[in-house]
Amino acid sequence: MKFQKFTEHCFAFTGAVTIGYCVKEGKGLLIDSGLDDSAVKKVVRMLEGEGLPLDYCVITHAHADHFGGAHYLKKKYDISLFAPKLEKAIIENSILEPIYLFNGAVPIKELRNKFLEGPAVEVDGELSTGENSIGPFIFDAIDLPGHSHGQVGLLIEDILYAADSYFGRETLKKHVIPFIIDADQTLESLEKLLHIPCKGAIPGHGSFEEDITPTVKENIELHEGRMDSLLAVVNECPNGQTLDLIMKKYLDLHTITVLNVGQWLLFRASVTAYLTSLERKKLLSFLIQDNELIIKPH
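Residue numbers for the sequence shown follow our numbering, so the first one is 10 and each next one is one higher.
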């Protein structure tokens with residue numbers, strides 16, 4: 010984990026997950042808290058080593074790798090915690106993520122792990138779209154849904170902490186099919202990023218860049234390409250095929266080997282998000298045939 014300085018007041022801890030940090034008038038603000046106690050303890054040690062304060066934490070979205078360390082911060086340092094409204098509900102009731110991945114049913118034990126269910130923690134305040142103030146910090150919370158329902162990015166002193174609205178190039182290559190819940194919102198958020206004036210931006214997984222345009226455009230191209238290849242799979246069977254069969258063909262097409270149930274469910278969410286976008290465009294339909302859910306091309 011490295012501590013990177015962008016401006017006099019804006020920094021980030023970079024590693025597997027970006028944790029932003031801002032300091033002003035003797036107060037410190039974290040942006041996200043990492044996956045677990047271990048990750049955020051490294052951050053705290055580095056702050057203490059630099060003699061820097063820690064008073065507040067903003068969670069950009071309710072995925073465990075971004076809020077998993079918040080419970081430790083609240084318990085150990087009594088920080089004030091903030092999040093967008095819908096994300097707040099999930100952070101405070103973190104079993105909701107494995108529930109929605111498991112079709113709304115009580116999740117199996119395999120899904121009750123730190124990667125899908127961070128420790129639930131009480132959130133002190135809600136972020137609103139637009140200008141927010143927390144202590145001495147004044148910033149814009151920018152709606153960037155698509156990767157999660159209520160995700161926001163934070164624009165502080167012209168530095169954009171973009172959460173998972175886009176991914177760095179290495180992360181795109183690693184994940185092949187990024188996790189999304191709405192393909193159209195994902196693309197809309199990516200287009201929005203191209204028009205946010207800033208001195209630079211850093212994603213939740215990736216590096217700081219002064220000009221994010223090429224990286225964001227790569228994200229757009231990837232999602233459009235993934236949607237095109239999925240439509241080609243759907244079009245192979247004019248009479249329709251099950252979601253499970255489409256999943257297998259699509260994962261095989263992209264040479265992905267799934268290792269566990271949780272990973273498969275995450276991919277299914279992304280595939281379903283792409284299919285929903287294609288259904289909105291009237292390129293396919295969801296229907297029931299012989300007690301099976303069928304996806305049929307138009």
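Backbone N, C-alpha and C fix where the C-beta goes; we use that ideal spot for every residue, glycine too.
Computed from a predicted model, the values in this text were never measured in an experiment.
Kindly list the residues whose CB is nearer than 6 Å to the CB of residue i, restricted to its own chain and excluding five residues on each side of it in sequence; keep chain order.
i: Leu274; result: Leu110
i: Gln194; result: Pro154, Gly155
Taking all protein chains shown into account, decide if residue i is buried (16 or more other Cβ within 10 angstroms of its Cβ) or exposed.
i: Gly42; result: Sequence check: residue 42 is Ser here, not Gly. Buried, because 16 or more other Cβ atoms sit within 10 Å of the Cβ of Ser42.
i: His307; result: exposed
i: Thr224; result: buried
i: Ala79; result: buried
i: Thr69; result: buried
i: Val160; result: According to the sequence shown, residue 160 is Gln rather than Val. Answer is buried; the Cβ neighbour count reaches 16.
i: Asn228; result: buried
i: Ser198; result: buried
i: Asp173; result: buried
i: Gly139; result: exposed
i: Pro206; result: exposed
Taking DSSP as the reference, what is the three-state secondary structure of residue i?
i: Ser63; result: Rather than Ser, the amino acid found at residue 63 in this sequence is Leu. It is coil, neither helix nor strand.
i: Pro212; result: coil
i: Glu219; result: coil
i: Gly37; result: strand
i: Ile205; result: coil
i: Val32; result: strand
i: Tyr81; result: helix
i: Leu56; result: helix
i: Val185; result: coil
i: Phe176; result: coil
i: Ile229; result: helix
i: Thr224; result: helix
i: Ser42; result: coil
Please list, in chain order, all residues of the same chain as residue i whose beta carbon is under 8 Å from its beta carbon, the five residues on each side excluded.
i: Ala129; result: His80, Ile100, Glu101, Asn102, Ser103, Ile104
i: Leu63; result: Gly37, Leu39, Val53, Leu56, Leu82, Tyr86, Ile88
i: Ile108; result: Ala114, Val115, Pro116
i: Ala282; result: Ile189, Ile190, Asp191, Ala192, Thr195
Tell me which residues share the same chain as residue i and place their Cβ nearer than 7 Å to its Cβ, disregarding the 5 neighbours each side in the sequence.
i: Phe295; result: Glu288, Leu302, Ile304
i: Tyr346; result: Not covered by the structure: residue 346. The range shown for the chain is 10 to 307.
i: Gln13; result: Phe20, Ala21, Thr23, Phe217
i: Ala278; result: Leu110, Phe188, Ile190
i: Glu126; result: Ala73, Ser103, Ile104, Glu106, Pro107
Since residue i sits in a beta bridge, which residues does DSSP pair it with?
i: Thr23; result: Lys11
i: Leu169; result: Leu164, Ala210
Please go through the stretch 84-167 and give each complete beta strand (DSSP E) segment of 3 or more residues, from N-terminal end onward. 89-93, 134-136, 139-143, 146-152, 161-165
Enumerated in chain order, which unbroken segments of the alpha helix (DSSP H) with a length of 4 residues or greater are wholly contained in the stretch 232-307? 252-262, 270-289
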